[in-house]
Amino acid sequence: MSYEALMLFKLYLITAPVLFVIGIYAIIVTRNIISMIIGLEIMTKGVTILLAAAGFFNGRPHLMEPLIITMIVIEVVILMIAAGYIINIAKKHNSLDVENIKNIKG
Amino acid sequence: MAIHILLLSLIIICAAFAVVRTRVIRAAIMLAAISIFVTIVLFVLNMPLAAIFELSVCAGLITVIFISVISLTNPLTVEERFEERDNMFKKFLLLPVLIIICAASFYMLTKGINFIPILDVSEAAEISDKAAMWHLKQIDLIGQIIIILTGVFGVVVLFKDNKDDKK
Amino acid sequence: MTVSLIFIPILLVILLNIPRLSGKTAYYVALAFFAYQLIAIFIPTFGSVQLAEVVNKLFRLNVYADGISKIMLISAAIVAFTALMTSKSFVKHDSRLFSLSNLMLLAVAGINGIVFARDIFTVYVFIEVIAAASYIMIVLDKTESSLEGGFKYFIISSIATVMMLFSVALFFLVAGGTGFEEISAAVHNFGGNTIILLAIMLFVSGLLIKGGLIPFHAWLPGAYSSAPAGVSIFLGGIVTKTTGTFALIRFFYSVVGFNDNIKMVLLIVGSVSVVAGAVAAITQKDFKKVLAYSSISQVGYIVMAIGAGTAFGIAAAVFHIFNHAIFKSLLFLNAAAVEKQTGRLDVDSFGGLGAKMPVTSATTAIAFLSAAGFPPLSGFWSKLFIIIALWSANYKGFALVAILAGILTMAYFLNLQKKVFFGEVSPNVENVKEAPLSFTVPAVVLCAITILAGIGFYYIIKTLIFPAVGII
């Protein structure tokens, strides 16, 4: 593997954890439960680009494609469930603020 | 090289904006923007099928889900929003610091990596895209079927209103 | 045998839905499938081989079953059967019962998938399947506490799966594939590479979060105690054991192998969980919360046994997973019976239930004794094996921790038993009757399994567990 490709891969290897940290930060800091889910989504995007980079840089992108597609399908189903949770919580509490929903944090 | 750096930094900037926004709808739109950039990354990295999936599902469907959830629920009240806006400054300041610390620590870590094991590409290249999808990953497809069925029941359980739900 | 156990539940779910059948039918069909799974493991000619041949002609699935898988399948079948049977008297609505039966079928299909997986990405896919089914089952009643507990579980376990995907990406980079063989070859060839170390670390952290070990346990008590009664049995009995500890065993024992650092991490996390889980259980006031914390403590034992790093340690871990599945389902079942008959779970408000509910009281006592490691019940033998494994692997300090924590286990269980079942009859429970047969019969059966597995432990070890890990 050439030097340039290695540097490029390191770039991806740095970006993905940064997105992970931004997602974690969103989950910890935010007060709105929808924003927590958005934080999760940001983390998932980080994983997507790392998976893509891993497939590309060892020369087997076509083997990686099924994995990414599977991951996206799973992501949608999980997000659907999250949406159901949020709607039900909002119905019960009439609010999306974490401060009003005691047991979620801590 | 330049396009990679551009795309990745755009993704990070969008992600940071999505986090510091107080209006959730803006954050959801930012998320769609991230998805679009990820799509371009996937195209650049030679994965057109996955890119199309990412574009249609993540940028399209997930944004729709988010927007419908946001419109179905009451947003934060005005006081809560203002309170959050007061914290905004703190958020803005802390987030870049965190990003820089994380990037720096991973930069130090990746310094130790000076080779990636080189694999025999010729053998892998014989398998076409379709073959990879259908022959190597059938068990994952079954997993997908199961999780989609689970999702159907999730919709039935979570979205259907039963009158005698305990308040 | 292997593939049919994944296919039959999917087919059943589709058949139950095409003409939408009633909840009761779905319930009996699901129960029949769990019974079939139990039989098919012992008698493979019972239709499963023929079906597997047909499936294998149509599909090319990379699956494989070994001795450890068998034990997991047996535990899953028993726990799912008990859980669904118990749910019947709690779920009033026909449509809810229909959804629950289908979801449990799908979750068991997911468990079977993990058990058969030969690919690290497949493990991820099926972990997500089980997680999705659990998220939905927890909020079946849509009570406030279950929504909150479930949401917390959702957030934390999604973080865990993201971490696992990170490590899948790194393994793919190094190994060029995600199959177990490819990864273990890559670890063998480039073991010292930073990427591989990072990948192993991330995957193990993800699994430890899924298993609810102590620094990562925040989601577990809320999710367990707020879930509907039958679902608690399912979660506590099999879900964390499959997604957490079984996947750990598979990952270390069959894929990457052990080294000293990994063993140390597992031993420390395990022993902290054992002690802290037991201490937290003493202070709890809610029946189900006590059981949830005791679950953390028992999973700690399993992880310690894995951390011994020897084949004997793995055998002890697998045996304890089986025993734990049985006695923890029994305990959650009895908690459900108490909840059903008295309508409350607050420990301090009981007293003297033993006279009113003799069967529940007796079976609970036996489950407690088994959990605390009292001879000759099955829990005693698996704990003894864990201690021997630690001692013979030269981790004598950890073996001592395991022995001393047994006393703590005894303490909180005796405390609970005394407060709930013994002593003066409290006015709250004056008019309580024994639980209906749908509770007492499975309780007695599970209790009999615990006792029989304790008396006949030598037979189980010899025929099932030692061959599974390659000790002859």
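Protein chains in written order, with my numbering: chain A, 471 to 576; chain B, -6 to 160; chain C, 227 to 698. Backbone N, C-alpha and C fix where the C-beta goes; we use that ideal spot for every residue, glycine too. Bear in mind the structure is a predicted one, so any value in this text is a computation, not a measurement.
Pairwise C-alpha distance: residue j and residue i
i, j, result
"C/Met583", "C/Ala455", "18 Å"
"C/Ile422", "C/Phe429", "11 Å"
"C/Met490", "C/Ala534", "9 Å"
"B/Lys160", "C/Gly526", "A caution first: B/Lys160 carries a pLDDT of 41, below 50, which makes its placement in the model too unreliable to give a value."
"C/Val229", "C/Lys645", "47 Å"
"C/Val518", "A/Lys480", "It should be noted that the sequence gives Ala, not Val, for residue 518 of chain C. Cα to Cα, the separation comes out at about 42 Å."
"C/Ala291", "C/Arg476", "12 Å"
"C/Gly632", "C/Leu595", "11 Å"
"A/Gly576", "C/Ala444", "The predicted model places A/Gly576 with a pLDDT of 42, which falls under 50 and marks its position as unreliable; any figure quoted below should be read in that light. Their Cα atoms are separated by approximately 8 Å."
"C/Gly336", "C/Met389", "20 Å"
"C/Ala625", "A/Val547", "44 Å"
"C/Val275", "C/Leu241", "21 Å"
"C/Ile552", "C/Pro602", "15 Å"
"A/Met506", "A/Ile559", "14 Å"
"C/Ser431", "C/Leu247", "42 Å"
"A/Ala486", "C/Lys368", "36 Å"
"C/Glu565", "C/Gly375", "19 Å"
"B/Asp154", "C/Leu277", "40 Å"
Residue range of the unbroken alpha helix (DSSP H) whose run includes residue i
i, result
"C/Arg344", "Counting along the chain, C/Arg344 falls outside any alpha helix (DSSP H), and DSSP gives it neither H nor E."
"C/Pro602", "Element bounds for C/Pro602: n/a, residue is neither H nor E."
"B/His(-3)", "-5 to 13"
"C/Lys566", "537 to 568"
"C/Asn288", "Looking at the DSSP string, C/Asn288 is not in any alpha helix (DSSP H), and its letter there is neither H nor E."
"A/Gly554", "531 to 563"
"C/Tyr527", "513 to 533"
"C/Ile385", "370 to 401"
"C/Thr308", "293 to 313"
"C/Met490", "486 to 509"
"C/Thr635", "622 to 646"
"B/Gly136", "131 to 152"
Candidates the options: closest to residue i by CA position
i, options, result
"C/Ala333", "B/Phe85, B/Ile138, B/Met101", "B/Ile138"
"A/Leu483", "A/Glu474, A/Leu521, A/Asn558", "A/Leu521"
"C/Leu424", "C/Ser452, C/His443, C/Ser393", "C/Ser393"
"C/Val516", "C/Leu640, C/Leu287, C/Phe624, C/Trp607", "C/Leu640"
"C/Phe260", "C/Tyr290, C/Asn243, C/Thr308, C/Val275", "C/Thr308"
"C/Leu326", "C/Asn288, C/Phe347, C/Leu366, C/Ala335", "C/Leu366"
"C/Ser575", "C/Val413, C/Gly336, C/Pro653, C/Ala473", "C/Pro653"
"B/Met23", "B/Leu3, B/Met40, B/Ile135, B/Ala97", "B/Leu3"
"C/Asn549", "C/Gly503, C/Leu672, C/Leu571", "C/Leu672"
"A/Arg530", "C/Phe324, C/Ser315, C/Val400, C/Ser371", "C/Val400"
"B/Phe46", "B/Ile60, B/Phe59, B/Val31", "B/Val31"
"C/Ile528", "C/Ala357, C/Ala507, C/Ala628, C/Glu354", "C/Ala628"
"C/Ile232", "B/His(-3), B/Val17, B/Leu87, B/Gln131", "B/Gln131"
"B/Lys83", "A/Ile557, A/Ile503, A/Lys561, A/Tyr495", "A/Tyr495"
CB contact flag (residue i, residue j, <8 Å)
i, j, result
"B/Ile27", "B/Cys7", "yes"
"B/Phe75", "B/Val13", "no"
"C/Thr590", "C/Phe513", "no"
"B/Asp133", "C/Val239", "no"
"B/Leu35", "B/Ala44", "yes"
"C/Leu299", "C/Val349", "no"
"C/Phe398", "A/Met534", "yes"
"C/Ala531", "C/Tyr638", "no"
"B/Ala20", "B/Ala11", "yes"
"C/Val498", "C/Ile592", "no"
"B/Leu38", "A/Phe490", "no"
"B/Gly53", "A/Gly554", "no"
"C/Phe545", "C/Ser608", "yes"
"C/Ser383", "C/Gly462", "no"
"C/Lys436", "C/Gly470", "yes"
"C/Thr312", "C/Ile426", "no"
"C/Val355", "B/Ile140", "yes"
"C/Lys314", "C/Tyr262", "no"
Any C-beta of chain F under 8 Å from that of residue i
i, result
"A/Ile498", "Absent here is chain F; the protein component of the structure consists of chains A, B and C."
Near the ligand ADP: residue i beta-carbon under 7 Å from a heavy atom
i, result
"B/Cys7", "Annotation note on the ligand ADP: not contained in the displayed structure, which lists no ligands."
Between the segment 43 to 63 of chain B and chain A, which residues of the former have a C-beta closer than 8 Å to a C-beta of the latter? Ala43, Phe46, Glu47, Val50, Cys51, Leu54, Ile55, Ile58, Phe59, Ser61, Val62, Ile63
Select from the segment 360 to 372 of chain C all residues with a C-beta closer than 9 Å to any C-beta belonging to chain A, and list them in chain order. Tyr361, Ile362, Val365, Lys368, Thr369, Glu370, Ser371
Report the residues of the segment 514 to 537 of chain A with a CB closer than 8 Å to any CB of chain B, ordered along the chain. Lys515, Thr518, Ile519, Ala522, Ala523, Gly525, Phe526, Phe527, Asn528, Gly529, Arg530, Pro531, His532, Leu533, Met534, Glu535, Pro536, Leu537
Members of the segment 377 to 404 of chain C that neighbour chain A once the beta carbon cut-off is set at 9 Å: Phe377, Lys378, Phe380, Ile381, Ser384, Ile385, Thr387, Val388, Met389, Leu391, Phe392, Val394, Ala395, Leu396, Phe397, Phe398, Leu399, Val400, Ala401, Gly402, Gly403, Thr404
Residues, ordered as in the chain, of the segment 546 to 557 of chain A that lie near chain B by beta-carbon distance below 8 Å: Val546, Val547, Leu549, Met550, Ile551, Ala553, Gly554, Tyr555, Ile556, Ile557
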